[in-house]
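Here the structure comes first, spelled out in structure tokens, and everything after it is commentary.
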Amino acid sequence: MRLTIDDVRQRFLKHLGGEPGSVYASPGRINLIGEHTDYNGGFVFPGAVEQGMIAEIRPNGTRTIKAYSIDLKDYAEFSLDDPAGPKASHFRYIYGVAKEMEKLGVPVKGFDTAFAGDVPLGAGMSSSAALESCFAFAINDLFGGNKIGKMDLAKVGQSTEHNYIGVNCGIMDQFASVFGKKGSLMRLDCRSGEFEYFPWNPKGYKLVLVNSCCKHELAGSPYNDRRNSCENVVKAIKAKHPEKQIETLREATWDELKEVAGDVPAEDIKRATFVLGEKDRVLAVCDALEKGDYETVGQKMYETHYGLSKEYEVSCEELDYLNDIAKECSVTGSRIMGGGFGGCTINLVADELYDNFVKTVTAKYKEKFGKEPIIIDVVIGDGSRKLA
Ligand code: GLA
């Protein structure tokens, strides 16, 4: 069942009292291809989904935020002047966003809020980016006269992850949440910030997520280690080629990677091999999409899965199994989506194979792991917006 404004408003009035506030929404995201490329200056291909976060917010004229998480039935009050902020991550995102908006010069004041989401938590669909973008968008509207541009709102979410949560993520999730557009995927060049909308209407195919229900958790996870490996390789290339302009693996070539093979741990080279391959795959997918060649798109998705599993090593037994079953069912493309370490696979499935795939993957996964995976049909939705 999809979350509605009424669900949130009822709880807002019950837990915060008084008059209604304004209501904002921001979505989670999928990503067709281009994984772990964002913090390497590469391309990503995300789209917003219909599921997201909804928050009702009412300024209260103080320096205190009073927040109620409807999903977790948890209430907290915290001051904008408290340098430590709340501990629980669901409140910390809100505090972090408010502080980052202050850094941009927005005169943020206290507010009362109740919020809820229908993006499954830990599914790799960026429920946290949805929450950050929702509050960044709302604070801009309520206190900032909408003066902060959308890319900066996305960056506020990203710096919240860096500075308050400890995940050194790239920009993809927050970008997708803020800029999403119904029916379109987006190709973002994470180095220049330029992007294009791609209408997504693959005739004869569906995009389906299969949630392994293994929680993916990036904070304190090897996510940051992967990023460090990429940075080590960049440093090694720079050391060999001081004249070269290189900030990220985006600028690295296969030859340079070979040259520095003895200068950094083998593991770092393996990680960078994935990133360089992924860079090529995103471009191949763009070409294939222009020709309506979904078989090639699918093949690249399988290659990405292989790379994420064997080179980047962010898979797990459950995700590899979901990928194997997709292959057995002749699904066109399948791979881990998002950061990895659990969460969903994203599958490009021909219409006529859909029913059999869903039935088979559900039964086989349950037989092996004792729990049913959750099937989510992807509908590409709009980005951050005011609802009421
Ligand atoms: C997470 C991060 C993103 C991106 C993906 C992997 O979702 O938040 O910035 O790095 O992993 O593509």
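Residue numbers (the working numbering): 7 to 394.
Beta carbons are placed, not taken as given, at the ideal position from N, Cα and C, and that holds for glycine.
Residue j beta carbon less than 8 Å from that of residue i
| i | j | result |
| --- | --- | --- |
| G298 | C322 | no |
| A245 | L282 | no |
| I39 | T310 | yes |
| S139 | A160 | yes |
| L393 | I60 | yes |
| N58 | P26 | Per the sequence shown, residue 58 should be read as Gly rather than Asn. Cβ atoms of G58 and P26: not closer than 8 Å. |
| A135 | Q180 | yes |
| R35 | V14 | no |
| G47 | R197 | yes |
| F204 | A120 | no |
| V1 | I145 | Here the chain has residues from 7 to 394 only, and residue 1 is not among them. |
| Y360 | Y300 | no |
| L137 | Y170 | no |
| I380 | C219 | yes |
| M192 | E202 | yes |
| L148 | S315 | no |
| G116 | L86 | yes |
| E265 | S235 | no |
| D118 | H96 | no |
Distance between residue j and residue i (C-alpha atoms, nearest Å)
| i | j | result |
| --- | --- | --- |
| I275 | K333 | 28 Å |
| D103 | T166 | Reading the sequence as shown, one finds Val at residue 103 and not Asp. So the alpha carbons of these two residues sit roughly 6 Å apart. |
| R277 | H247 | 21 Å |
| M131 | A242 | 33 Å |
| K72 | F84 | 7 Å |
| E324 | P65 | 45 Å |
| L295 | G346 | 25 Å |
| D286 | Y312 | 15 Å |
| L215 | T279 | 26 Å |
| V162 | K372 | 40 Å |
| T70 | K20 | 19 Å |
| D383 | K250 | 45 Å |
| K188 | D269 | 46 Å |
| K432 | N230 | This structure cannot settle anything about residue 432, because the visible part of the chain is limited to 7 through 394. |
| I352 | E378 | 16 Å |
| I331 | E358 | 17 Å |
| I293 | E317 | The sequence given here has Asp at residue 293, not Ile. Roughly 25 Å separates the two Cα atoms. |
| R391 | S133 | 16 Å |
| E362 | K374 | What sits at residue 362 in the sequence shown is Asn, not Glu. If I take the Cα positions, the gap works out to 18 Å. |
| G53 | L213 | 12 Å |
| P126 | R8 | 12 Å |
Which listed residue (the options) has its alpha carbon closest to that of residue i
| i | options | result |
| --- | --- | --- |
| G440 | E62, G151, T10, K212 | The displayed coordinates of the chain run from 7 to 394. Any statement about residue 440 would go beyond what the structure contains. |
| C350 | G67, S336, V320 | V320 |
| A356 | S340, F149, D388 | S340 |
| E223 | E56, V303, G128 | G128 |
| G389 | P271, F51, G186 | G186 |
| E262 | V239, E284, A272 | V239 |
| I177 | F49, K316, S336, I11 | F49 |
| M343 | Y30, Q16, E41, I11 | E41 |
| T338 | T368, F149, G304 | G304 |
| G151 | F117, G111, I76 | G111 |
| N207 | K20, S183, I386 | I386 |
| E284 | D44, Y30, S28, A267 | D44 |
| K156 | F149, A90, A142, C292 | A142 |
| P5 | L78, Y101, N362 | Given that the chain is displayed from residue 7 to residue 394, the structure contains no residue 5 and the question cannot be resolved. |
| T10 | K109, Y30, V173 | Y30 |
| D326 | D147, V367, D293 | V367 |
| C398 | V364, R256, F51, A267 | Beyond the ends of the chain as shown, which are 7 and 394, falls residue 398; an answer cannot be given. |
| K209 | F51, L354, P52 | L354 |
| L289 | D195, G172, C175, G376 | D195 |
| I2 | K370, I252, Q16, G67 | Here the chain has residues from 7 to 394 only, and residue 2 is not among them. |
| E237 | N174, N217, A182 | N174 |
Closer than 8 Å to chain C by CB, residue i
| i | result |
| --- | --- |
| E56 | Absent here is chain C; the protein component of the structure consists of one chain. |
Under the three-state DSSP convention, the category residue i falls into
| i | result |
| --- | --- |
| I380 | strand |
| C322 | coil |
| I252 | coil |
| G389 | coil |
| K105 | helix |
| L354 | strand |
| K153 | coil |
| I275 | helix |
| F143 | helix |
| G24 | coil |
| V14 | helix |
| S133 | helix |
| I39 | coil |
| V337 | coil |
| G346 | coil |
| V29 | strand |
| G304 | helix |
| V50 | strand |
**OP:** Please list the segments of the beta strand (DSSP E) lying wholly inside the region 159 to 224, counting only runs of 3 or more residues, in order along the chain.
**Re:** 190 to 195, 201 to 205, 211 to 217
Original post:
Enumerated in chain order, which unbroken segments of the beta strand (DSSP E) with a length of 3 residues or greater are wholly contained in the region 55 to 131?
Top reply: 70 to 75, 80 to 85, 117 to 123
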